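K.L.:
Have a look at the structure that comes next, please.
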Amino acid sequence: MTDIHDDYAQAGRQLEGALVAPQGARFAIVASRFNNFIVERLIDGALDALTRHGAQRDLVTLVRVPGSWEVPLVCSRLAKSGKFDAIVALSAVIRGGTPHFDYVATEVAKGVASAALASGVPISFGVLTTDSIEQAIDRAGTKSGNKGSDAAVAAVEMVSLASRLSEAGL
Ligand code: INI
Numbered sequence: 297m298t299d300i301h302d303d304y305a306q307a308g309r310q311l312e313g314a315l316v317a318p319q320g321a322r323f324a325i326v327a328s329r330f331n332n333f334i335v336e337r338l339i340d341g342a343l344d345a346l347t348r349h350g351a352q353r354d355l356v357t358l359v360r361v362p363g364s365w366e367v368p369l370v371c372s373r374l375a376k377s378g379k380f381d382a383i384v385a386l387s388a389v390i391r392g393g394t395p396h397f398d399y400v401a402t403e404v405a406k407g408v409a410s411a412a413l414a415s416g417v418p419i420s421f422g423v424l425t426t427d428s429i430e431q432a433i434d435r436a437g438t439k440s441g442n443k444g445s446d447a448a449v450a451a452v453e454m455v456s457l458a459s460r461l462s463e464a465g466l
């Protein structure tokens, strides 16, 4: 539990997660092979962030799937297994000249969200949806940071938050 910040003085208490993985926290990364050149950078960023934020490498499981379309099903299966405290979903949907992008991007977002809500296991969304390869490169460890790393940090925070909510009986 963190200190009560002045801006929130009207709240009786404030709960938030730390950016440190609780001891023994188990993470899964579900990553697509489609747009592998980009997604490998997201995986590198996620693994690096998990380790820097206290996760044990031997408690991180990486599962590869063909494309973004397949990400939600595997996230859902892993979440329901009860063997992971959080999952990081990583893929890249890059707009082409057809409506295909819209179908895949919409379904991966909806599917990941519903897998998390149905299971109660946090699944962070490190799925790039970009108009161009350049935009994807920018978000995979260059100009605009690394969205795999950002998603991994969000997963760590959610595991920590879950533990603090449990301690508070919530
Ligand atoms: N999968 C992606 O991860 N990104 C894409 O940009 C993409 N596009 O554009 O086609 C893509 N398609 C494959 C899809 O995710 C499935 O793997 C495939 O349709 C088989 O089910």
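In the working numbering, the protein residues as written are 297 to 466.
Ideal Cβ placement from N, Cα and C applies to all residues, glycine included.
Please read all numbers here as calculations on a predicted model, not as lab measurements.
1) Going by DSSP, name the residue or residues bridged to residue 358.
2) Kindly list the residues whose CB is nearer than 8 angstroms to the CB of residue 466, restricted to its own chain and excluding five residues on each side of it in sequence; keep chain order.
3) CB-CB under 7 angstroms to residue 318, same chain, minus the five flanking residues each way: which ones, in chain order?
4) Looking at residue 390 and the ligand INI, is the gap between the Cβ and the nearest heavy atom below 7 angstroms?
5) At a cut-off of 7 angstroms, is residue 396 close to the ligand INI when judged by its beta-carbon and the heavy atoms of the ligand?
6) Is there contact here, the stretch 373-383 with the stretch 334-344, by at least three beta-carbon pairs under 8 angstroms?
7) Can you find a heavy atom of the ligand INI that lies under 7 angstroms from the Cβ of residue 331?
8) Taking 7 angstroms as the line, does the beta carbon of residue 366 fall inside it for any heavy atom of the ligand INI?
9) Hey, would you say residue 444 sits closer than 8 angstroms to residue 422, going by beta carbons?
10) Nearest to residue 389 by alpha carbon, out of 376, 405, 357, 371?
11) Can you tell me the Cα-Cα spacing of residue 366 and residue 464, whole angstroms?
12) Going by DSSP, what residue range makes up the alpha helix (DSSP H) through residue 413?
13) If residue 448 sits next to residue 346, beta carbons under 8 angstroms apart, how far is it from one beta carbon to the other, in whole angstroms?
14) Identify every residue that forms a DSSP beta bridge with residue 345.
15) Have a look at residue 438 and residue 331 and give me their C-alpha separation to the nearest angstrom.
16) Quick check on DSSP: helix, strand or coil for residue 310?
17) Determine the extent of the alpha helix (DSSP H) in which residue 457 is found, giving its start and end residues.
P.N.:
In short, the structure shows the following:
1) Along the sequence shown, read from residue 1 onward, the residue named residue 358 stands at position 62. Bridge partners of residue 358: 325.
2) The residue given as residue 466 occupies position 170 in the sequence shown. Within the same chain, Cβ atoms closer than 8 angstroms to the Cβ of residue 466 are found at 311, the five residues on either side in sequence being excluded.
3) By one-based count along the sequence shown, residue 318 stands at place 22. Only 455, 456, 459 meet the Cβ criterion.
4) Against the sequence shown, residue 390 aligns to sequence position 94. Distances taken from the Cβ of residue 390 to the heavy atoms of the ligand INI include one shorter than 7 angstroms.
5) Working through the sequence shown from its first residue, we reach residue 396 at position 100. Residue 396: yes, Cβ under 7 angstroms from the ligand INI.
6) no
7) Along the sequence shown, one-based indexing puts residue 331 at 35. Checking the Cβ of residue 331 against the ligand INI gives yes.
8) Within the sequence shown, the letter at position 70 stands for residue 366. Distances from the CB of residue 366 to the heavy atoms of the ligand INI include at least one below 7 angstroms.
9) The residue you call residue 444 lines up with position 148 of the sequence shown. The residue you call residue 422 lines up with position 126 of the sequence shown. Yes.
10) Within the sequence shown, residue 389 is the residue found at index 93, counting from 1. Closest option to residue 389, Cα to Cα, is 405.
11) Here the question's residue 366 lines up with position 70 in the sequence shown. Here the question's residue 464 lines up with position 168 in the sequence shown. Near 36 angstroms, if we compare the C-alpha coordinates of residue 464 and residue 366.
12) In the sequence shown, residue 413 corresponds to position 117, counting from 1. The continuous alpha helix (DSSP H) containing residue 413 extends over residues 396-415.
13) In the sequence shown, the residue the question calls residue 448 occupies position 152. In the sequence shown, the residue the question calls residue 346 occupies position 50. Right, their Cβ atoms sit about 5 angstroms apart.
14) Numbered from its first residue, the sequence shown carries residue 345 at position 49. According to DSSP, which records beta bridges pairwise, residue 345 is partnered with nothing at all.
15) Residue 438 sits at position 142 when you count from the first residue of the sequence shown. Residue 331 sits at position 35 when you count from the first residue of the sequence shown. Those two C-alpha atoms are separated by around 16 angstroms.
16) The residue given as residue 310 occupies position 14 in the sequence shown. Residue state, collapsed to three classes: coil.
17) The residue labelled residue 457 in the question sits at position 161 within the sequence shown. First-last of the alpha helix (DSSP H) with residue 457: 443-463.
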